[in-house]
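**Q** Pasting a structure below so you can have a look.
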Amino acid sequence: HKILIVAPSWVGDMVMSQTLLKQLKAKYNDDVIIDVLVNDWAKDVAKRMPEVNDVLINPFKHGEFGLIKRIKLGRELRKRNYTQSFVLPNSLKSAFVTFFARIPKRTGFIGEMRYGLLNDYYKLDKLALPLMIDRFCALANDGNKPSEIEYPHFQINHDRQKVICQELNLDTSKPIVCLCPAAEYGQAKRWPVSYFANLADRLQSSGYQVWLMGSNKDTEITNGIVNYVKEKHSLVDLAGKTNLVDVIDLLALAKCIVSNDSGLMHVACAVNVPVVAIYGSSSPNFTPPLNKNAVILKTDIECSPCFERTCKFGHYKCLTQISVEDVFVAVTNFN
1 HKILIVAPSW VGDMVMSQTL LKQLKAKYND DVIIDVLVND WAKDVAKRMP
51 EVNDVLINPF KHGEFGLIKR IKLGRELRKR NYTQSFVLPN SLKSAFVTFF
101 ARIPKRTGFI GEMRYGLLND YYKLDKLALP LMIDRFCALA NDGNKPSEIE
151 YPHFQINHDR QKVICQELNL DTSKPIVCLC PAAEYGQAKR WPVSYFANLA
201 DRLQSSGYQV WLMGSNKDTE ITNGIVNYVK EKHSLVDLAG KTNLVDVIDL
251 LALAKCIVSN DSGLMHVACA VNVPVVAIYG SSSPNFTPPL NKNAVILKTD
301 IECSPCFERT CKFGHYKCLT QISVEDVFVA VTNFN
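For the sequence shown, position 277 (counting from the first letter as 1) is numbered 277 according to this note's numbering, and the numbering increases by one without interruption.
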């Protein structure tokens, strides 16, 4: 069996798709080769999945149709002789590549009327498959939710981990709590900067180092935290100083990770470290933290979850009503 996975676009969804890869490995008793077609920004996530044989870069920008380019890519993939593909995004355009690659069995949900492009398709029953991982894994189980789903788990490169710590002059002798304060989706998924700063002060006073994690897009948020904190003796801002694969290795050094509901939260869950996950406008009923040592913090106000990028009422109570004390207690309970 030689399988091509057309992976989701978002980092968090890419992490969760590892559950499908594990299902396929179990189904075929490891007698299967799995390649992944993934966006450039999520390739490092795929490289840390032991189930993946080869990582192929999806050259399309977010939202780009590019039919001619998709035909060309599909033709290039024919020589790889895949026996089956799984198209995880539900868009019409995402199914074109496997069709033009002439892969004999092309599996996915019907999505945007993809009859013909897919020839092994299922109609999505959202009630029967409430979680994203249920939906991914059902594709390997005749459209049904499997009885067991193994959570994502990344390989850690310990040699590279040591090198990064030396390059960034990081001290690993004191316990570390990593904070992931960003969420690309929007402000309604971000616990306030002042709250993260107050939490950082509390943690430093209790003997922890605090590492701020994020990409170069998140430096405005982490700079805000650095400017707000009272204590900086054990605070390190790593946003924009590492790539995603290095972040994976650094997160694995933490005693605990505090994160908004974001792609980085799902990455954190896959390094086998306790996670405190903060939910605002989104819902853990669809994309919960996939970690047995995870605590979910959310409010039960009437307007949440709204799934909006910004609060239409302007109060952001779904986030502000989660106190610094709530998060601090959750962290220290792990340790």
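We treat Cβ as the ideally placed atom computed from N, Cα and C, and that holds for glycine.
(1) Could you compute how far the alpha carbon of I34 sits from the alpha carbon of N81?
(2) Would V331 pass as a contact of V229 if the rule is Cβ separation under 8 angstroms?
(3) Are the CB atoms of T107 and S91 nearer to each other than 8 angstroms?
(4) With 16 other CB atoms within 10 Å as the buried threshold, where does G116 fall?
(5) What does DSSP give as the partner residue(s) for I296 in the beta ladder?
(6) Quick one: grab the DSSP three-state call for C178.
(7) Could you pull the DSSP bridge partners for G337 from this structure?
(8) May I have the straight-line CA-CA distance separating A183 from R190, to the nearest angstrom?
(9) Judging by CA-CA distance, which residue of F99, G63, V87, F65 is the nearest neighbour of E76?
(10) Does DSSP put L401 in a helix, in a strand, or in coil?
(11) For N216 and A101, what's the separation of their Cα atoms in angstroms?
(12) Can you pull the DSSP bridge partners for F109?
(13) With DSSP as the reference, label S234 as helix, strand or coil.
(14) Whose C-beta lies closer than 7 angstroms to the C-beta of E167 among residues of the same chain, with five residues either side of it excluded?
(15) Can you tell me whether I103 is buried or exposed, with buried defined as 16 or more other CB within 10 angstroms of its CB?
(16) Under 8 angstroms between the Cβ atoms of S283 and P305?
(17) Where does the unbroken alpha helix (DSSP H) through F334 begin, and where does it stop?
(18) Given this structure, state the Cα-to-Cα distance separating F334 from C256, to the nearest angstrom.
(19) With DSSP as the reference, label F136 as helix, strand or coil.
(20) Since R48 contacts V275 with CB under 8 angstroms, what's their CB separation in whole angstroms?
(21) Taking C-alpha atoms, which residue in K174, L170, V193, C311 lies nearest to N260?
(22) Among L235, G214, Q187, which residue has its Cα nearest to the Cα of E308?
(23) Can you check the segment 57-91 for any alpha helix (DSSP H) of at least 4 residues that lies completely inside it and give the ranges in chain order?
(24) Is the distance from the Cβ of C178 to the Cβ of M213 below 8 angstroms?
(25) What does a CB cutoff of less than 6 angstroms around F65 pick up in its chain, not counting 5 residues either side in sequence?
(26) Given S10, which residues of its chain have a CB within under 8 angstroms of its CB, disregarding the five upstream and five downstream residues?
(27) For V32, which of helix, strand or coil comes out of DSSP?
(28) Express the C-alpha separation of A140 and S123 in angstroms, rounding to a whole number.
(29) Is the CB of I322 under 8 angstroms away from at least one CB in chain B?
(30) CA-CA distance, A95 and A268?
(31) Less than 8 angstroms between the CB atoms is what I'm expecting for P89 and V15, so what's the real figure, rounded?
(32) In terms of alpha-carbon separation, which member of P181, D249, N198, L253 lies closest to E220?
**A** According to the data block:
(1) Whole-angstrom Cα-Cα distance: 12 angstroms.
(2) Not in contact: V331 and V229 (Cβ atoms no closer than 8 angstroms).
(3) No, these two residues do not count as a Cβ contact at 8 angstroms.
(4) Flag for G116 reads exposed.
(5) DSSP lists A277 as the bridge partner or partners of I296.
(6) In this structure, C178 counts as strand in the three-state DSSP scheme.
(7) No statement about residue 337 is possible, as the shown extent of the chain runs from 1 to 335 and does not include it.
(8) A183 and R190: Cα-Cα distance of roughly 6 angstroms.
(9) Of the candidates F99, G63, V87, F65, F99 places its Cα closest to the Cα of E76.
(10) There is no way to answer for residue 401, as the model of the chain reaches only from 1 to 335.
(11) Taking the straight line joining both Cα atoms gives about 36 angstroms.
(12) Paired residues: Y122.
(13) DSSP places S234 in coil when its eight states are reduced to three.
(14) So the list is empty, once near-sequence residues are dropped.
(15) Counting other Cβ atoms within 10 Å of its Cβ, I103 reaches 16 or more and is therefore classed as buried.
(16) Pairing S283 with P305 gives a Cβ-Cβ distance under 8 angstroms.
(17) Counting along the chain, the alpha helix (DSSP H) containing F334 begins and ends at 324-334.
(18) A direct Cα-to-Cα measurement between F334 and C256 gives close to 7 angstroms.
(19) F136 falls in the helix class under three-state DSSP.
(20) About 17 angstroms separates the CB atoms of R48 and V275; that is not less than 8 angstroms, and the two are not in contact.
(21) That would be V193, whose Cα lies nearest to the Cα of N260.
(22) Among L235, G214, Q187, the Cα nearest to that of E308 belongs to Q187.
(23) 67-77, all fully within the segment 57-91.
(24) Taking 8 angstroms as the Cβ cut-off, C178 and M213 qualify as a contacting pair.
(25) The residues are K93.
(26) Reading off the sequence shown, one finds Trp at residue 10, where the question assumed Ser. Within the same chain, W10 has close Cβ partners A42, G263.
(27) Coil.
(28) With the sequence shown as reference, residue 123 is identified as Lys, and Ser is not the correct amino acid for it. If I take the Cα positions, the gap works out to 14 angstroms.
(29) The structure shown has no chain B; it contains just one protein chain.
(30) In this model, A95 and A268 are separated by some 30 angstroms (Cα to Cα).
(31) About 15 angstroms; that fails the 8 angstroms criterion.
(32) Taking only the C-alpha atoms, the option nearest E220 is P181.
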